[in-house]
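Chemist: Protein chains in written order, with the working numbering: chain A, 20 to 160; chain B, 3 to 186.
All C-beta atoms, glycine included, are put in the ideal place defined by N, C-alpha and C.
I am attaching a structure below and will ask some questions about it afterwards.
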Amino acid sequence: MNLVKLKKSNKIAFKNIVKTLPIIFSMLFLVSIITNVVPKSFYQKLFKGNLFLDALIGDLLGSFLMGNPITGYIIGNELLKSGISLVAVTTFLVAWVTVGIFQSPAEALFLGKRFALFRNISAFFMAIVVAIITVLIVNSI
Amino acid sequence: MKKNKKQKDSSKKWYFLSLVVLIYGFVSWYAPEKSLPILISFIKLLGQIAPIFLIIYIIMVLTNLYINNEKLRKHMGDDAGLKGWIISILAGIVSMGSIYVWYPLLKDLQQKGVKDKFIVTFLYNRGVKLQWLPVLLLYFGWVYAITLLIVMIIFSVFQGIITEKLINTFDKPKYNGLIKKQVE
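The following block contains the structure:
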């Protein structure tokens with residue numbers, strides 16, 4: 020194995036980890052604040068208990084709160100613990116990593132307006148489809 | 003310009019952390035009884051995440067060691083059929099760092115004739131992060147985690163096809179031509 024390459028890879032990986040730390044710390048801290056301050060009944064109020072409506076709410080939340088997957092998993096887990104349906108949480112998780120409302124101006128700048136618009140729209144609806152299929156499979160196993 | 007963008011991104015993270023600390027300060031001032039439980043929750047969450055960072059670190063070293071951007075660029079360069087799908091899926095999964103870093107490369111590929119469906123599939127699969135898989139497993143269990151990732155990978159292909167079809171349908175010159183033909 021090339022030692023120089025290994026050193027370089029090591030450095031890049033270390034840098035990438037360190038770069039994510041402020042965001043991860045912030046998100047973990049924010050989640051700790053929210054879980055202790057916001058009553059669990061708030062999420063139950065936000066989500067209506069209707070499968071499709073909840074999926075849509077999860078989708079909207081995930082689309083606007085885009086970020087690192089790990090932070091999405093943390094929030095998703097908290098939502099699940101609050102009694103939100105797995106379909107809504109999955110829609111939230113998928114939208115979190117695939118729809119980027121805040122990134123879309125940059126995406127449009129580089130890849131074209133139509134590209135950014137249609138990619139985000141299709142990812143938005145795809146999140147619901149992916150969530151329903153995932154939960155159906157998980158429940159059948 | 004790139005440096006400025008990087009510096010901007012980097013300062014945003016610290017602004018965000020400062021904002022969260024400020025929120026904590028405000029909450030502690032408004033409801034002092036909440037300050038300790040918040041800290042305990044935070045430490046608990048950190049404790050859950052910390053061991054996983056070692057695994058994530060090893061995966062990152064390995065992907066950096068064996069996969070380079072030039073190779074990815076070469077094999078996603080044209081309408082490569084099945085090979086193109088596989089490469090765009092794998093490239094999306096192993097790609098690291100902020101998406102802003104990838105946009106210039108994707109633009110370059112797009113201009114060189116890479117199909118939009120491959121770029122869309124690549125972007126979709128950036129959501130499938132193997133290095134974060136241990137966290138997903140920890141929180142949701144392996145059945146759910148594996149199922150979700152497989153379904154996402156399969157549907158990334160559909161998203162690529164659908165998005166490209168939509169882009170082509172509403173492509174200005176083609177769209178105008180279609181309207182002209184209908185008028186004639």
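Where does B/Y177 fall in DSSP's three states?
Modeler: Legend: pLDDT at B/Y177 = 49, less than 50; position of this residue unreliable, value from coordinates given subsequently. In the structure shown, B/Y177 sits in a helix (DSSP, three-state: H, G or I).
Chemist: With distances taken from CA atoms, which of A/K67, A/S141, A/I160 and A/N158 is nearest A/S82?
Modeler: Comparing Cα positions, the closest option is A/S141.
Chemist: Using three-state DSSP, classify A/F83 as helix, strand or coil.
Modeler: Note: A/F83 maps to helix in three-state DSSP.
Chemist: Verify the CB distance criterion: does A/F48 have a CB-CB separation below 8 angstroms to chain B?
Modeler: At least one chain B Cβ lies under 8 angstroms of A/F48.
Chemist: Rounded to the nearest angstrom, what separates A/L136 and A/A127 at their Cα positions?
Modeler: One C-alpha to the other measures close to 8 angstroms.
Chemist: Whole angstroms is fine: what's the gap from B/G83's alpha carbon to B/F120's?
Modeler: So the two alpha carbons sit approximately 10 angstroms from each other.
Chemist: Taking Cβ-Cβ distances shorter than 8 angstroms, what residues in chain A pair up with B/L132?
Modeler: Within chain A, no residue comes near B/L132; the closest Cβ sits about 10 angstroms away, beyond 8 angstroms.
Chemist: With contact counted as at least three CB pairs below 8 angstroms, one residue from each stretch, are the segment 61 to 75 of chain A and the segment 20 to 31 of chain A in contact?
Modeler: The answer is no - the segment 20 to 31 of chain A does not touch the segment 61 to 75 of chain A, with fewer than three Cβ pairs under 8 angstroms.
Chemist: Against chain A, does B/K234 count as a neighbour if the rule is that its beta carbon must be under 8 angstroms from one of theirs?
Modeler: The structure shown has nothing for residue 234 of chain B, since chain B only spans 3 to 186.
Chemist: Does the separation of the CB atoms of A/Y92 and A/L112 fall below 8 angstroms?
Modeler: A contact, by the Cβ cut-off of 8 angstroms.
Chemist: Could you give the first and the last residue of the continuous alpha helix (DSSP H) run that contains A/I160?
Modeler: Here A/I160 belongs to no alpha helix (DSSP H), and DSSP marks it neither H nor E.
Chemist: At least one CB of chain B closer than 8 angstroms to the CB of A/F143: is that the case?
Modeler: No, A/F143 lies away from the interface with chain B (no Cβ there is under 8 angstroms from its Cβ).
Chemist: Using a C-beta to C-beta distance shorter than 7 angstroms, which residues of chain B count as neighbours of A/F83?
Modeler: Per Cβ cutoff of 7 angstroms: no residues; A/F83 is ~15 angstroms from chain B at best.
Chemist: If B/L140 sits next to B/Q50, beta carbons under 8 angstroms apart, how far is it from one beta carbon to the other, in whole angstroms?
Modeler: Confirmed, Cβ separation roughly 7 angstroms.
Chemist: Take A/P124 as the anchor and find which of A/F134, A/T117 and A/V116 has the nearest alpha-carbon.
Modeler: Looking at the Cα atoms, A/F134 is the closest of the given residues.
Chemist: Can you find a heavy atom of the ligand GDP that lies under 7 angstroms from the Cβ of A/I53?
Modeler: Inclusion of the ligand GDP in the displayed structure is not the case, the ligand content being empty and no account of it being possible.
Chemist: Measure how close the beta-carbons of A/I160 and B/V130 come, nearest whole angstrom, since I'm counting them as under 8 angstroms.
Modeler: Incorrect: roughly 20 angstroms between the Cβ atoms, too far for contact.
Chemist: Measuring only the C-alpha atoms, how far is B/G86 from B/K36?
Modeler: Straight-line Cα distance between these residues: approximately 53 angstroms.
Chemist: Measure from the C-beta of B/L67 to each C-beta in chain A and report whether the shortest distance is under 8 angstroms.
Modeler: Taking Cβ atoms only, chain A reaches closer than 8 angstroms to B/L67, which makes this a yes.
Chemist: Determine the closest residue to B/G94 out of B/L168, B/S20 and B/T123, with distance taken between C-alpha atoms.
Modeler: That would be B/T123, whose Cα lies nearest to the Cα of B/G94.
Chemist: Going by Cα to Cα distance, which pick from A/Q122, A/I151, A/S45 and A/G131 is closest to A/L72?
Modeler: Of the candidates A/Q122, A/I151, A/S45 and A/G131, the one whose C-alpha sits nearest the C-alpha of A/L72 is A/I151.
Chemist: A/K76 by DSSP, collapsed to three states: which one?
Modeler: Note that residue 76 of chain A corresponds to Ile in the displayed sequence, not to Lys. DSSP places A/I76 in helix when its eight states are reduced to three.
Chemist: Give, in chain order, every residue of the segment 30 to 45 of chain B whose Cβ lies closer than 7 angstroms to some Cβ of chain A.
Modeler: Under the 7 angstroms Cβ criterion, the segment 30 to 45 of chain B contributes K36, P39, I40, S43 and F44.
Chemist: So is B/Q113 in contact with chain A if we call contact Cβ pairs under 8 angstroms?
Modeler: No, B/Q113 lies away from the interface with chain A (no Cβ there is under 8 angstroms from its Cβ).
Chemist: How many angstroms separate the CA atom of B/I45 from the CA atom of B/S30?
Modeler: Going from the Cα of B/I45 to the Cα of B/S30 covers about 17 angstroms.
Chemist: Quick check on A/A146: buried or exposed, where buried means 16 or more other Cβ atoms within 10 Å of its Cβ?
Modeler: By the neighbour-count rule (16 or more Cβ atoms within 10 Å), A/A146 is buried.
Chemist: Give the interface partners of A/P88 over in chain B, defined as CB-CB distance under 7 angstroms, in chain order.
Modeler: The contacting residues are G129, K131 and W134.
Chemist: Could you work out which residue in A/V148, A/V157 and A/F143 is closest to A/L11 when comparing CA atoms only?
Modeler: Residue 11 of chain A lies beyond the stretch modelled for chain A, which goes from 20 to 160, so this question has no answer here.
Chemist: Can you give the Cα-Cα distance for B/L47 and A/S51, rounded to whole angstroms?
Modeler: Each residue's alpha carbon lies about 8 angstroms from the other.
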